[in-house]
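Here's the structure we're looking at; comments come further down.
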Amino acid sequence: MTGLRPAASGDTAPDAHSQAVLAKATRENFPVAPFFLPRSWRGDLMAVYGYARLVDDIGDGDLAGGGREDALRLGLPADAADDRLAMLDAFEADLRRVFDGPPDTIRHPLLRALRPTVQRHGLTPEPFLGLVEANRQDQLVRRYATYEDLLAYCELSANPVGRLVLGITGTSTPERIRRSDAVCTALQIVEHLQDVTEDLGRDRIYLPAEDMKHFGVTETDLTAATAGASVRALVAHEAERARDLLNEGTPLVGSVHGRLKLLLAGFVGGGRAALRAIADAGYDVLPGPPKAGKYSLLREVGSTLRREG
805 MTGLRPAASG
815 DTAPDAHSQA
825 VLAKATRENF
835 PVAPFFLPRS
845 WRGDLMAVYG
855 YARLVDDIGD
865 GDLAGGGRED
875 ALRLGLPADA
885 ADDRLAMLDA
895 FEADLRRVFD
905 GPPDTIRHPL
915 LRALRPTVQR
925 HGLTPEPFLG
935 LVEANRQDQL
945 VRRYATYEDL
955 LAYCELSANP
965 VGRLVLGITG
975 TSTPERIRRS
985 DAVCTALQIV
995 EHLQDVTEDL
1005 GRDRIYLPAE
1015 DMKHFGVTET
1025 DLTAATAGAS
1035 VRALVAHEAE
1045 RARDLLNEGT
1055 PLVGSVHGRL
1065 KLLLAGFVGG
1075 GRAALRAIAD
1085 AGYDVLPGPP
1095 KAGKYSLLRE
1105 VGSTLRREG
């Protein structure tokens, strides 16, 4: 997996299962650690991605063949792989060793790979803990009553990632954090729209209940093979909210320079391209996630750079 390996320091090389987690970067709506970035940034961004992806996989029960192995690594019995809360607790305990313990006490390879990144950039535990807490919430909260409730969830599940990118690149300021939060929340909402059917299969709905009621959408409507008019109207409404958040956050791109500008334009452009794919599907997300093609992504990245050049 060339280009997907975190920066190494000592025994931090990921094994085959950890590499499989990192390889999921190619499926995201936006470039995670593209080739044009400095090598040190790419390694550090992939270390953070590996952490965030594994936390999500634990929370989603999507560990596949590596679940039992991960449980053993974290000091749990192999059959604890199906106990998501226990796995998240053990993972958080291992995360805290990244900040507070000797390197040889860190159990998971992806966390051992994360430690040099944390030390290099003086990253704090809070963003990492937020991602764990979001996945705990996923085990306990299956529906969101209001849009505001969903935004509070995104504060834990999405916004820490952007803050970590700013920390790694040494560009964090209060205004950039505010803009980054808007972009990250938008990207999370877009992902929720793409994954309505997949999330429902996990008994989760990230469409606010008050909006479903307003558009006359029931949970049964979301189980259909294709979306009816009311579901399409609801998805269009939530997509417009995501678009507004992207617009709010886009000046972040113009506030930085060089290769970081291109990376952030990739995040924004990826979100815009995904929204275009959803619109092109007539807001029918039920057959499966509408995905943007490479040309659409490049076009949106270019458009973002022209606006914020």
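For what it's worth, our numbering labels the leading residue of the sequence shown as 805, then goes sequentially. Backbone N, C-alpha and C define an ideal beta-carbon position, used for all residues, glycine too. The model shown is predicted, which means the values in this text are computed figures rather than measured ones.
Could you check the C-alpha separation between residue i and residue j for me, to the nearest Å?
i, j, result
"Q941", "V994", "19 angstroms"
"A1081", "K1095", "6 angstroms"
"P810", "A837", "Residue placement at P810 cannot be trusted, given a pLDDT of 44 that sits under 50; what the coordinates show is reported in the next sentence. Whole-angstrom Cα-Cα distance: 10 angstroms."
"T909", "D985", "33 angstroms"
"G1070", "G1062", "13 angstroms"
"G865", "L1066", "34 angstroms"
"G807", "Q823", "Here the model assigns G807 a pLDDT of 39, short of 50, so the residue's position is not dependable, and the following value carries that caveat. Spanning the two alpha carbons is a distance of roughly 11 angstroms."
"L849", "I972", "8 angstroms"
"N1051", "E937", "28 angstroms"
"D1048", "L867", "34 angstroms"
"G782", "V1105", "In this structure the chain extends from 805 to 1113, so residue 782 is not present and cannot be described."
"R919", "R980", "25 angstroms"
"V969", "G879", "30 angstroms"
"R1045", "L933", "27 angstroms"
"Y948", "M891", "24 angstroms"
"L954", "R911", "33 angstroms"
"Y1087", "D904", "47 angstroms"
Evaluate residue i with the Cβ neighbour count: other Cβ atoms within 10 Å of its Cβ, from every protein chain shown; 16 or more gives buried, anything less gives exposed.
i, result
"V852", "buried"
"R1110", "exposed"
"G1113", "exposed"
"T989", "buried"
"H1074", "Reading the sequence as shown, one finds Gly at residue 1074 and not His. The residue in question, G1074, is buried, as its Cβ has 16 or more Cβ neighbours within 10 Å."
"Y1099", "exposed"
Taking Cβ positions, are residue i and residue j nearer each other than 8 angstroms?
i, j, result
"N939", "G863", "yes"
"P1055", "R983", "yes"
"A1043", "A1085", "no"
"L841", "T975", "no"
To the nearest whole angstrom, what separates the beta carbons of residue i and residue j, a pair I think is in contact under 8 angstroms?
i, j, result
"A885", "D874", "7 angstroms"
"A987", "G966", "Ala is not the amino acid found at residue 987; the sequence shown has Val there. About 6 angstroms separates the two Cβ atoms, so the contact holds."
What residue ranges within the segment 858–893 form continuous alpha helix (DSSP H) runs of no fewer than 4 residues, ordered along the chain? 871–877
What alpha helix (DSSP H) runs, 4 residues minimum, are completely inside the segment 954–999? 963–972, 978–998
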